[in-house]
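A.B. asks: This structure is in structure tokens; I'll ask about it shortly.
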Amino acid sequence: MGLVQREMEAAGFSTISLSPMPEWTAAAGVPRIAAIEHPFGQTIGRPGDVAGQTAVLRATLAALAEIEEPGTIRHLPFRWTGPEPEEGPAPPIVELISRRPWLYRKLLAGDIPAA
Amino acid sequence: MGDEVDSYRFTSRATTRIARAWIKREADPARLIPWTPLTKPLSESTIALISSAGVALKEDRPFDQQGERQNPWRGDPSFRVASNQTTTEDIQVGHLHINKRYAEQDMNSVFPIQRLGELAEQGEMGRAAAEHYSIMGYILDPTELLRETVPQIIAGLRAGEVDGVVLVPV
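For the protein sequence lines, the chains are G and Y, in the order given.
The first sequence begins at 1 in this note's numbering and counts up by one.
The second sequence begins at 116 in this note's numbering and counts up by one.
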């Protein structure tokens, strides 16, 4: 998403990522990040938590309007109050690597086999 | 617990290790950061959302999960369009790297279209864009995403006279 954000900003839109992994998002060189300590799959907030979701989106929009320095990360003050998230089923790449452990090195190195 | 967000609060040890390796490779302090300031106040701006949760309308083609099962190195790099009227009942989620249950229960957890509409109605921002976009975030090689998908989304943002974009990675 970091690379996508860069393209959009370069195309003339003001952009911000609401990122649960700000270190990774920032590594792409993006203009604005609102960092949020929420679990994957619930970036905005818990299902049905309208007030919480609204507060997070409002804070993100404020950061979009207020950040003046390219590359700024604004750490949002929200903390996760919901239950510990449940993991989904293991994705295909994890199953593949458990069958062929030597491929882990390729994934770590970003050495992605051509299709 | 500090004031800063911990990027690894919810990641497994294996994921943390992969993330740190990719971050080390991708980070380039010398790279120029693109910059487009918001030229209007938020209260006059049109905002669009981009979610990487793999959200497609039920009437639309789902994100291709079978292809990724066949080749786990390649996620579907296409995109889908939602409208500012889209609700949780209208959507399906195709993403093999998140627990989809939360998004299926309430789309706004990953794609806050209703929340954005409410903020616009309350006058906190100008307008919600007519169209919002979703991609599926597990893309190890971004070539096709950047070459095919992103230009089409950018064309949609232009046509919708969008000023600001909120990207929601999951």
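Where is the CB? At the ideal position from N, CA and C, for every residue including glycine.
As the structure is a prediction and not an experimental result, all values here were calculated from the model.
In or out: Met116/Y buried (at least 16 other Cβ within 10 Å) or exposed?
C.D. replies: For the purposes of this step, residue 116/Y is taken as residue 1 along the second sequence, with counting starting at 1. Caution is warranted here: a pLDDT of 49 is assigned to Met116/Y, below 50, making its placement in the model unreliable, and the coordinate value is therefore given only provisionally. By the neighbour-count rule (16 or more Cβ atoms within 10 Å), Met116/Y is not buried but exposed.
A.B. asks: Looking only at C-alpha atoms, which of Leu234/Y, Val283/Y, Tyr253/Y and Glu263/Y sits nearest to Ala55/G?
C.D. replies: Counting from 1 along the first sequence, the entry for residue 55/G is found at position 55. Closest by alpha carbon: Leu234/Y.
A.B. asks: Counting contacts by CB-CB distance shorter than 9 Å, is Thr25/G in contact with chain Y?
C.D. replies: Here the question's residue 25/G lines up with position 25 in the first sequence. Chain Y contact via Cβ: present.
A.B. asks: Using a C-beta cutoff of 9 Å, does Thr202/Y count as contacting chain G?
C.D. replies: The sequence position of residue 202/Y within the second sequence is 87, counting from 1. Chain G, which has no Cβ nearer than 9 Å to the Cβ of Thr202/Y, makes this no.
A.B. asks: Can you list the residues of chain G that Ile133/Y reaches, using a CB-CB cut of under 9 Å?
C.D. replies: Locating residue 133/Y in the second sequence gives position 18, counting from the first residue. Ordered by position in chain G, the residues that pass the 9 Å Cβ test against Ile133/Y are Tyr104, Leu107 and Leu108.
A.B. asks: Which same chain residues end up closer than 8 Å to Phe194/Y when comparing Cβ atoms and leaving out the 5 residues on each side of it in sequence?
C.D. replies: Here residue 194/Y corresponds to residue number 79 of the second sequence, with the count starting at 1. The residues are Tyr248, Ser249, Ile250, Thr264, Gln267 and Ile268.
A.B. asks: Mind checking if Ala35/G is an interface residue toward chain A, Cβ cutoff 9 Å exclusive?
C.D. replies: Chain labels in this structure do not include chain A; the protein chains are G and Y.
A.B. asks: Can you name the residues of chain Y whose CB is closer than 9 Å to the CB of Ser19/G?
C.D. replies: Position 19 of the first sequence, counted from the first residue, corresponds to residue 19/G. The answer, in chain order, is Val120, Ser122, Leu282, Val283 and Pro284.
A.B. asks: On the premise that Glu23/G lies in contact with Ile133/Y, defined as a C-beta separation below 8 Å, what is that separation, rounded to the nearest angstrom?
C.D. replies: Within the second sequence, residue 133/Y is the residue found at index 18, counting from 1. Within the first sequence, residue 23/G is the residue found at index 23, counting from 1. Not really, about 13 Å apart at Cβ, beyond 8 Å.
A.B. asks: At a Cβ threshold of 9 Å, is Ala62/G touching chain Y?
C.D. replies: As a working mapping, residue 62/G is identified with position 62 in the first sequence. Interface residue, yes.
A.B. asks: Considering only the beta carbon of each residue, do Gly279/Y and Ile16/G sit closer than 9 Å?
C.D. replies: The sequence position of residue 279/Y within the second sequence is 164, counting from 1. The sequence position of residue 16/G within the first sequence is 16, counting from 1. Against a cut-off of 9 Å, the Cβ pair of Ile16/G and Gly279/Y comes out as a contact.
A.B. asks: Taking DSSP as the reference, what is the three-state secondary structure of Ala134/Y?
C.D. replies: In the second sequence, the residue the question calls residue 134/Y occupies position 19. Correct three-state label for Ala134/Y: helix.
A.B. asks: Please list, in chain order, the chain G residues whose beta carbon lies closer than 7 Å to that of His212/Y.
C.D. replies: The sequence position of residue 212/Y within the second sequence is 97, counting from 1. The contacting residues are Pro91.
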